[in-house]
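What the sequence shown shows, in mature numbering (1 follows the signal peptide of the UniProt record, and there is no 0), is residues -20 to -1, 1 to 740, in sequence order.
Glycine included, C-beta positions come from ideal geometry on N, C-alpha and C.
All values reported here derive from a predicted model rather than from experimental measurement.
One structure is given here, and the rest of the page talks about it.
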Amino acid sequence: MKAAATGRFLLVLMACSVHAVTRSSSNTTPGNQTDRLSLLEFKNSISLDPQQALASWNDSTHFCNWEGVTCRTTSNRVTNLDLGNRGLVGQISPSLGNLTFLKQLSLATNRFSGQIPAALGQLHRLQTLYLSNNTLHGVIPTFGNCSNLEILWLNGNNLVGGFPDLPLGLKQLELGSNNLSGTIPPSLANITTLKVLGFNYNNIEGNFPHEFAKFPELQRLHTGDNHLVGSFPQAILNLSTLVSFRIAMNDLSGEVPPGLGSSLPNLQILLIDYNFFHGHIPSSLANASDLRMIDMSNNSFTGVIPSSIGKLGNLYGLNLEFNKLKARNSQDWEFIYSLGNCSKLQGLSVFDNQLEGHVPTSLGNLSVELQILLLGNNQLSGSFPSGIANLRNLMWLGLGGNQFTGKVPEWLGTLNSLQVMNLGNNNFTGFIPSSLSNLSQLLYLYLESNKFEGHLPASIGNLQNLQLCDFSNNLLHGGIPKEMFGIPAILHIDLSVNHLHGQLPYEVGYAKELIYLNLSSNMLFGDIPTNIGNCENLQYIGLQQNSFGGSIPVSLGNIRGLEVLDLSHNNLTGSIPMSLTNLQYLEQLDLSFNNISGQVPLKGIFSNVTAVRIDGNPGLCGGPLELHLLACHVMPANSKCAAGGAVSSAGDVYSFGIVLLEIFLRRRPTDDMFNGEMNITKFVEMNFPDRIPQIIDPELLVEQQHLCPETSVAMKEKSLECLLSVLNIGLLCTKPSPNERICMQEVTARLHGIKKAYIS
């Protein structure tokens, strides 16, 4: 009986337990069920999940364990949803407004589009909301009911309208990089808890409200890149807690308050660049003793740079470029000496001011941490500043646009951290230091518009990271080093307006990344290498004002992105290649003053006669009517070469080429060494160009030495280039196929060009 009672008791107990478990499992409280369904609805609004961030969001796992979801342990209510930087694409579902226990929501750095759901403004427990860096648009909804909201970051979207209604307890408001408009509402000052206020990169206009003086805890105020007007906001002077202040790129004007540094003693970042401020730089900045970054560039500040700025021991950046600051005597230059106390200084720019005279030697006392030094576009003079030798960590050196004279020192090549060096537009003389080839990190090299002479050093090819070199408008002579075109990263080469001669190296075709090539106004001759068409990224080619001969390479039509092609004032012959009509981005084509003949194409750029120059080529015919050229007569493809019979003309050319090779090699085609497949033409081809000095008539070299025993290296190189050009004519005349041979008129033109270059 007792056992039976005990059994019944156990059965009842088990039944109660099962019932309790069933109630517990099915009684996911309505709130929990609402949260789960709201999350699933949010998931359904996602069209792309590249990182599979929502892969766990299914009923096989409790929603509190889904990725990015955090729940309150006692009630299983969602309190935190963090799916930032997951690459999610879609819209933000209004269902998130049902997560009534939500405190933190982060969907930043995704690709959400659409509007911000107004339902988010009803989450009264919400404390932080991060929706930055998406593509959200529309007006910002009101968040005035989110009484616990402390952080609201909506920057980096496409939001429009004005400032929204906001809760009074907000501490951080980031609205930068949107399309907001209107004025700054004075009511913002009612949010006295604000520590961070940012709305850079919008279209906010008007003045700073006077009420801004009421922010007792504001630490960061960033209002740059808007259309704010008026004078320097005086209300800011009451914000003694301010640490970072940016009003750059507005339309503010007037003078900066002289007591700025005293009023903002905690200031670390001061960015007021790109405005219309004038007057003197306040010496009181030294009272903001923790200042680290000062940018007052692109204004109209005058006077001298206060030496008190050297008291800022934590200063790492000082940008005063594009102002009207002066330094005429040693007292005015005192600021350089005082900056020697700023041991953390990494960047200094006084570019484009009115500094004059010699740079003081105290420049060498600047911090060894200095990486950027920009002194360009002033009226500085004297020799290369010697103090720079101590700045071992320089990465960017700008001395361009001054009046420096003398030679560039060899020690410059020991500053092996340099990435950008601008010495252009000065009066430097002498040779380009060979030590520059040691600057293995160099990316940009500007030496243009000086008086450098001598050869371009072949060692420039050691600069394997070089992207841009500008040696234009100097007195350089000799040939173009082929090594220059072997630099894998080279994008921009400008050697224009020098005295360079010789042929354009065949290696130009190796510069596959090249975008800009300007060799104009030199004394280059020979054919334009056909493999220039391998440089398919070229956008600009300037070869004008040289003595290039031969035909225009058909391969130029391979350079699909070409925008400017200038081959004017050369000795080019042949016809205009039809391939040029394929260059759909070509905006300017100049073939004027050559010896080009034949029919002008009608298509492509030739249909826009304002973009084409072909004058100075009397042999051209046809083309668009606007060019006013004579109609083309029916004639052989190359009338000049075919006159008198194509076969006999080609034969005469061949004979001339053989004679040319005989004269310069002092060998006959019937010599014993020429047998089987070896002939005089193949013999020259095999040794061309590097071994030509070993196979030519040695008496030619002896005669040259006899006539001028003290022949310079440059003259010897010039003679060799002349010799190579003549032998190249011989090879072109002896091509196996008659159709490949040049005609006698072209031979004559080339020989005249070689003579002109040799005696110049």
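Linking Arg372 to Ser397 through their CA atoms gives a straight-line distance of about 8 Å. Judged by DSSP in its simplified three-state form, Gly393 adopts helix. Taking a contact as a CB-CB distance under 8 Å, the pair Arg272 and Leu295 counts as one, their CB atoms being some 6 Å apart. In the structure shown, Thr650 falls within a coil segment according to DSSP collapsed to helix, strand and coil. Gln102 and Cys126 have their C-alpha atoms roughly 6 Å apart. Rounded to whole angstroms, the gap between the alpha carbons of Ser167 and Val49 is 36 Å.
The beta carbon of Ile285 is closer than 7 Å to those of Ile261, Leu300, Leu305, Phe315 in its chain, skipping five residues each way along the sequence. Proximity of the stretch 474 to 486 to the stretch 713 to 732 falls short of the contact definition, fewer than three beta-carbon pairs being nearer than 8 Å.
With 16 or more other CB atoms across the displayed protein chains lying within 10 angstroms of its CB, Glu154 is buried. The beta carbon of Gly554 sits closer than 7 Å to those of Ser531, Ile532, Ile576, all from its chain and outside the five residues before and after it, given in chain order.
C-alpha of Pro669 to C-alpha of Leu711: approximately 12 Å in a straight line. When secondary structure is reduced to three states using DSSP, Gly162 falls in the strand class. Taking a C-beta distance under 8 Å as the contact criterion, Gly596 and Pro581 do not qualify as a contact pair. For the set Gln31, Trp46, Asp29, Ser27, the Cα lying nearest the Cα of Leu17 is the one of Trp46. Rounded to whole angstroms, the gap between the alpha carbons of His732 and Gly506 is 12 Å.
Minimum Cα-Cα distance from Asn502 among the listed residues Lys736, Leu419, Leu471 corresponds to Lys736. With contacts defined by Cβ atoms closer than 8 Å, Phe143 and Leu132 do not form a contacting pair. In the DSSP assignment, Met503 falls outside any alpha helix (DSSP H) and within the unbroken beta strand (DSSP E) covering 503 to 507. Nearest C-alpha to Arg66 among Arg593, Asp474, Leu34: Leu34. Going by beta carbons, Asn218 and Gly241 fall outside the 8 Å limit. Counting along the chain, no beta strand (DSSP E) covers Ser318; the unbroken alpha helix (DSSP H) around it starts and ends at 314 to 319. In the three-state scheme derived from DSSP, where H, G and I count as helix and E and B as strand, Met464 is classed as helix. Excluding sequence positions up to five before and after Leu343, its CB lies within less than 7 Å of the CB of Ile316, Pro365, Gly367, Ile368, all in the same chain and listed in chain order. Per DSSP, Met229 has no beta-bridge partner at all. For Leu240, the secondary structure class from DSSP, reduced to helix, strand or coil, is helix. For Arg730, the enclosing alpha helix (DSSP H) begins and ends at 724 to 739.
Counting along the chain, Thr14 sits inside the alpha helix (DSSP H) bounded by residues 10 to 24.
Annotation for Phe92: the continuous beta strand (DSSP E) segment containing it runs 91 to 93. Note on geometry: alpha-carbon atoms of Leu536 and Leu566 lie some 11 Å from one another.
Of all alpha-carbon atoms in Asn405, Gly466, Asn445, Asn407, the one lying nearest the alpha-carbon of Asn418 is that of Asn445. Residue pairing from DSSP places Asp474 in a beta bridge opposite Asp450, Asn498. In the three-state DSSP reduction, Asn402 falls in the strand class (E or B). Bridge partners of Phe528 according to DSSP: Gly506. Gln334 and Asn279 have their C-alpha atoms spaced approximately 13 Å apart. It is roughly 15 Å from the alpha-carbon of Phe465 to the alpha-carbon of Ile521. For Glu665, the enclosing alpha helix (DSSP H) starts and ends at 660 to 667.
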